[in-house]
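Undergrad: Let me give you the structure first, and then I'll get to my questions.
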């Protein structure tokens, strides 16, 4: 499979098939919700480039262009699996190509928020079905038979009564002359052959035999290599540097001051450019830099947490949601719960550290790398470097993990600046220490949760959060509550809890923050679902039944019933700790049950994790299970092992020797179940994470009677 990025015109021209192939794509007209399917030959008439397409050659070869990044989450499998289902072709006969980054041509290409399937699945299904219908019509015309007497199967059109056959390639010349069919009927789910099946991923072979091109693999002629010694504090400056020893390192060509855009400010550093990555890194180590870190605070973790929790006690914050009179009921209550939860800063810890290749040529810039948001890169760099947007060409490679970090523009901008300075193509490689200490990070957040239980039901529920707002770094309004204040909190709770208050207490530091897998749901979920468990205990109710009573939603009831069934919730025994939590994230809900016990030595052990996901319509259950399992492993590390700590404004944890990730021996048995229904598609890559930490903390309480309100905590010392 060709994983290089090519444009439609270049692909057709290079293959010599411009007039001899069937190419279909879709575009979304202005003020329209549904996409229109068009032929490649018609694209210019519409004044657009298609943002995704299927291309069928006379040989019968099928190529599907993927407009989103593949970072391990499975879009490289999901997009062709959807199109191939309706197109009626064998998946192993499909060639997959990454489209280049350009949202004017290809639509929204930001890979994040679990958005690829849930945002595009209907259009992609319609694309495949339209091509199939046109090929069937072409065959029926050639045979002079009714269309209803023909069907498609495995890349062929078959005449049912005579068993005559044409492979798709034999029909493309005729099909491309046909009018586009309207109101194409999609398959029923019961008729699917590929969708809903646990098919092997198409990128597995490429990644295991080494043929997949990741950012670090990319090479272009004449490329040099750069490493950058960056200021460990975002707002710090380079006062001076001594490169005497650096220039003695064999292979070092250039040493100069540089800077990269980080949100609405810049991070300064000194770039070392050499003939190899090794030489650049050795030259970087030999540098002596004098930093100017005046003019802003240098905060340590203890001070950050202290300020957050003081703010929670003294400020009401900016209201995000108010219904009823939660504050009034709390003020009059003789008995209430009033607790604080604490969650830490976290680093993304992608397997592939940041890297980027850039080639600046006069008025054109080309970029290759592990990039989640190519159009954001185009927007930012064209503005910063004074280039026309279409002159900033972004090529996506495979990503060795993203988790939100590679949806950012700093590292491509840095590579572009260095390439312009040296007048040559360059690959900038970040070390693990660079990746861990430069940020941006998931923000550490503290929560104050207050509640009153009356006659076994919640009569007042008040939540306040104090933590950095990622939107503020991008210039968002500071007089409005964080739009993610309730992220992770099930929307139907608002129907079951009549007096509800959710607020954001504004809080800022000089530390850069941004999205992390499941974004604010990863911290909100811990606070909100842990507190829900505390309220259930206060009410003397079973935690799962208590939630059910406050969730007037039959779909959620079915999910909770499934969770209870698979985990043996109702049959749990004395001496076993069971905890549960359920959260909403990117249009999907996931419930977890965690079982814990203590060994003869008193050590706490996670015995089992059960997860039930309701993501509505879905493509591949194996992909879902893999994503939920990966989410649980990531959540386990964030809950019990690692955090980013700061001393004097500088990150302390620089590599995996102190920022320790879970090992395979730390991972408990995990069972993942997927709900079947006909609801619209939800996300898969992120929603499996938020419910784990509260479910684990609730299980520990069930076993030991001890409440966990601060993350991370050590299983060995609980």
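Numbering (full-length UniProt numbering), first residue to last: 1 to 718. By construction, the Cβ of each residue, glycine as well, lies at the ideal position given by its N, Cα and C atoms.
Looking only at its chain, what residues have a beta carbon closer than 7 angstroms to the beta carbon of residue 279, apart from the 5 residues adjacent to it on each side?
TA: The count along the chain shown starts at 1 and reaches residue 279 at position 279. Only 249, 250, 251, 252 meet the Cβ criterion.
Undergrad: Mind checking residue 484: buried by the 16 CB within 10 Å criterion, or exposed?
TA: Counting from 1 along the chain shown, the entry for residue 484 is found at position 484. Classification for residue 484: buried.
Undergrad: Residue 615 to residue 545, Cα distance in whole Å?
TA: Looking up residue 615 in the chain shown gives position 615. Looking up residue 545 in the chain shown gives position 545. Roughly 22 angstroms separates the two Cα atoms.
Undergrad: Going by the CB atoms, is the gap between residue 328 and residue 214 shorter than 8 angstroms?
TA: Sequence index remark: in the chain shown, residue 214 carries index 214 (1-based). Sequence index remark: in the chain shown, residue 328 carries index 328 (1-based). Cβ distance not < 8 angstroms, so residue 214 and residue 328 don't count as in contact.
Undergrad: Just the C-alpha distance for residue 703 and residue 563, rounded to the nearest angstrom, thanks.
TA: By 1-based counting over the chain shown, the position of residue 703 is 703. By 1-based counting over the chain shown, the position of residue 563 is 563. Rounded to whole angstroms, residue 703 to residue 563 spans 20 angstroms at the Cα level.
Undergrad: Mind checking which residues open and close the beta strand (DSSP E) that includes residue 500?
TA: On the chain shown, position 500 is the one that residue 500 refers to. Unbroken beta strand (DSSP E) run through residue 500: 500 to 505.
Undergrad: Between which residues of its own chain and residue 498 is the CB-CB distance below 6 angstroms, once the five residues before and five after are set aside?
TA: Counting from 1 along the chain shown, the entry for residue 498 is found at position 498. 324.
Undergrad: Check for me: the beta strand (DSSP E) holding residue 98 runs from which residue to which?
TA: Counting from 1 along the chain shown, the entry for residue 98 is found at position 98. That run of the beta strand (DSSP E) goes 94 to 98.
Undergrad: I'd like to know whether the C-beta atoms of residue 511 and residue 441 end up nearer to each other than 8 angstroms.
TA: Position 511 of the chain shown, counted from the start, is the residue given in the question as residue 511. Position 441 of the chain shown, counted from the start, is the residue given in the question as residue 441. Contact: yes.
Undergrad: Measuring alpha carbon to alpha carbon, tell me which of 434, 610, 622 ends up nearest residue 689.
TA: Within the chain shown, residue 689 is the residue found at index 689, counting from 1. Looking at the Cα atoms, 610 is the closest of the given residues.
Undergrad: Do residue 311 and residue 358 have their C-beta atoms closer together than 8 angstroms?
TA: Position 311 of the chain shown, counted from the start, is the residue given in the question as residue 311. Position 358 of the chain shown, counted from the start, is the residue given in the question as residue 358. Their beta carbons are not under 8 angstroms apart, which means residue 311 does not touch residue 358 by this criterion.
Undergrad: Distance check for residue 133 and residue 158, CA to CA, integer angstroms please.
TA: For the purposes of this step, residue 158 is taken as the residue at position 158 of the chain shown. For the purposes of this step, residue 133 is taken as the residue at position 133 of the chain shown. For residue 158 and residue 133, the distance between alpha carbons rounds to 13 angstroms.
Undergrad: Quick one: residues in its chain with C-beta nearer than 7 angstroms to the C-beta of residue 147, no 5 flanking neighbours on either side, listed in chain order?
TA: For this step, residue 147 is matched to residue 147 along the chain shown. Cβ neighbours of residue 147 beyond the five flanking positions: 136, 137, 140.
Undergrad: For residue 456, which of 390, 535, 436, 468 has the nearest alpha-carbon?
TA: Walking along the chain shown from the start, residue 456 turns up at place 456. Measuring from the Cα of residue 456, the nearest candidate turns out to be 535.
Undergrad: Would you tell me roughly how many angstroms separate the C-alpha atoms of residue 429 and residue 514, rounded to the nearest one?
TA: Numbered from 1 along the chain shown, position 429 holds the residue referred to as residue 429. Numbered from 1 along the chain shown, position 514 holds the residue referred to as residue 514. Answer to the nearest angstrom: the Cα atoms are 21 angstroms apart.
Undergrad: From the DSSP secondary-structure annotation, give me the bridge partner or partners of residue 356.
TA: Reading the chain shown from its first residue, position 356 is the one you call residue 356. Looking at the DSSP assignment, residue 356 forms a beta bridge with 428.
Undergrad: Grouping DSSP H, G and I as helix and E and B as strand, with all else coil, what is residue 262?
TA: Here residue 262 refers to the residue found at position 262 of the chain shown. In this structure, residue 262 counts as strand in the three-state DSSP scheme.
Undergrad: Apart from the five residues just before and just after residue 322, which ones in its own chain have a Cβ nearer than 6 angstroms to its Cβ?
TA: Within the chain shown, numbered from 1, the residue matching residue 322 stands at position 322. Cβ within range, chain order: 501.
Undergrad: At 3 residues or longer, and completely inside the segment 280 to 317: list those beta strand (DSSP E) runs for me, N to C.
TA: 288 to 292, all fully within the segment 280 to 317.
Undergrad: Excluding the five sequence neighbours on either side, which residues of its own chain have a C-beta within less than 7 angstroms of the C-beta of residue 31, listed in chain order?
TA: Position 31 of the chain shown holds residue 31. Reliability fails at residue 31, whose pLDDT of 44 lies under 50, so the model's placement of it is uncertain and no value is given.
Undergrad: Look at the alpha carbon of residue 509 and the alpha carbon of residue 304, and state the distance between them as a whole number of angstroms.
TA: In the chain shown, residue 509 corresponds to position 509, counting from 1. In the chain shown, residue 304 corresponds to position 304, counting from 1. If you take the alpha carbons of residue 509 and residue 304, they lie about 8 angstroms apart.
Undergrad: Between 62, 130, 437, which has its C-alpha nearest residue 182's C-alpha?
TA: Taking the first residue of the chain shown as 1, we reach residue 182 at position 182. Considering only alpha carbons, the answer is 130.
Undergrad: Who are the near neighbours of residue 265 in its chain, counting only those whose CB is closer than 8 angstroms to its CB and skipping five residues on each side?
TA: For the purposes of this step, residue 265 is identified with residue 265 of the chain shown, where counting begins at 1. Once the five neighbours on either side are set aside, the close Cβ partners of residue 265 are 234, 235.
Undergrad: Where do the N-terminal and C-terminal ends of the beta strand (DSSP E) with residue 229 fall, by residue?
TA: Within the chain shown, the letter at position 229 stands for residue 229. Its beta strand (DSSP E) spans residues 224 to 230.
Undergrad: Which of helix, strand or coil does DSSP assign to residue 705?
TA: Taking the first residue of the chain shown as 1, we reach residue 705 at position 705. Correct three-state label for residue 705: coil.
Undergrad: Please report how far the alpha carbon of residue 51 lies from the alpha carbon of residue 707, in whole angstroms.
TA: Counting from one through the chain shown, the residue named residue 51 turns up at place 51. Counting from one through the chain shown, the residue named residue 707 turns up at place 707. Confidence is the limiting factor: at residue 51 the pLDDT is only 48, short of 50, which leaves the residue's position unreliable, though a coordinate-based value still follows. Answer to the nearest angstrom: the Cα atoms are 51 angstroms apart.
Undergrad: With H, G and I counted as helix, E and B as strand and the rest as coil, what does DSSP make of residue 578?
TA: Residue 578 sits at position 578 when you count from the first residue of the chain shown. In the structure shown, residue 578 sits in a strand (DSSP, three-state: E or B).
Undergrad: Determine whether the beta carbon atoms of residue 490 and residue 584 lie at a separation below 8 angstroms.
TA: As a working note, residue 490 is residue 490 in the chain shown. As a working note, residue 584 is residue 584 in the chain shown. A contact, by the Cβ cut-off of 8 angstroms.
Undergrad: Please classify residue 466: does DSSP put it in a helix, a strand, or coil?
TA: Sequence index remark: in the chain shown, residue 466 carries index 466 (1-based). Reduced to three states, the DSSP call for residue 466 is strand.
Undergrad: Under a three-way DSSP split, which group does residue 178 fall into?
TA: As a first step, residue 178 must be located in the chain shown, where it is residue number 178. Coil.
Undergrad: In its own chain, which residues sit with a C-beta less than 8 angstroms from the C-beta of residue 423, not counting the 5 before and 5 after it?
TA: Residue numbering aside, residue 423 sits at position 423 when the chain shown is read from its first letter. So the qualifying residues of the chain are 360.
Undergrad: Below 8 angstroms on the Cβ atoms is my guess for residue 531 versus residue 326; work out the distance and round it to an integer in Å.
TA: Taking the first residue of the chain shown as position 1, residue 531 is located at position 531. Taking the first residue of the chain shown as position 1, residue 326 is located at position 326. About 13 angstroms separates the two Cβ atoms, so there is no contact after all.
Undergrad: Going by DSSP, name the residue or residues bridged to residue 647.
TA: On the chain shown, residue 647 is found 647 positions in, with the first residue counted as 1. Paired residues: 650.
Undergrad: For residue 384, which residues in the same chain have their Cβ closer than 7 angstroms to its Cβ, ignoring the five residues on either side in sequence?
TA: Position 384 of the chain shown, counted from the first residue, corresponds to residue 384. Counting only Cβ-Cβ distances below 7 angstroms, and skipping sequence neighbours, we find 261, 413.
Undergrad: Is the segment 646 to 655 touching the segment 621 to 629, taking contact as three or more C-beta pairs under 8 angstroms?
TA: Short answer: they don't touch.
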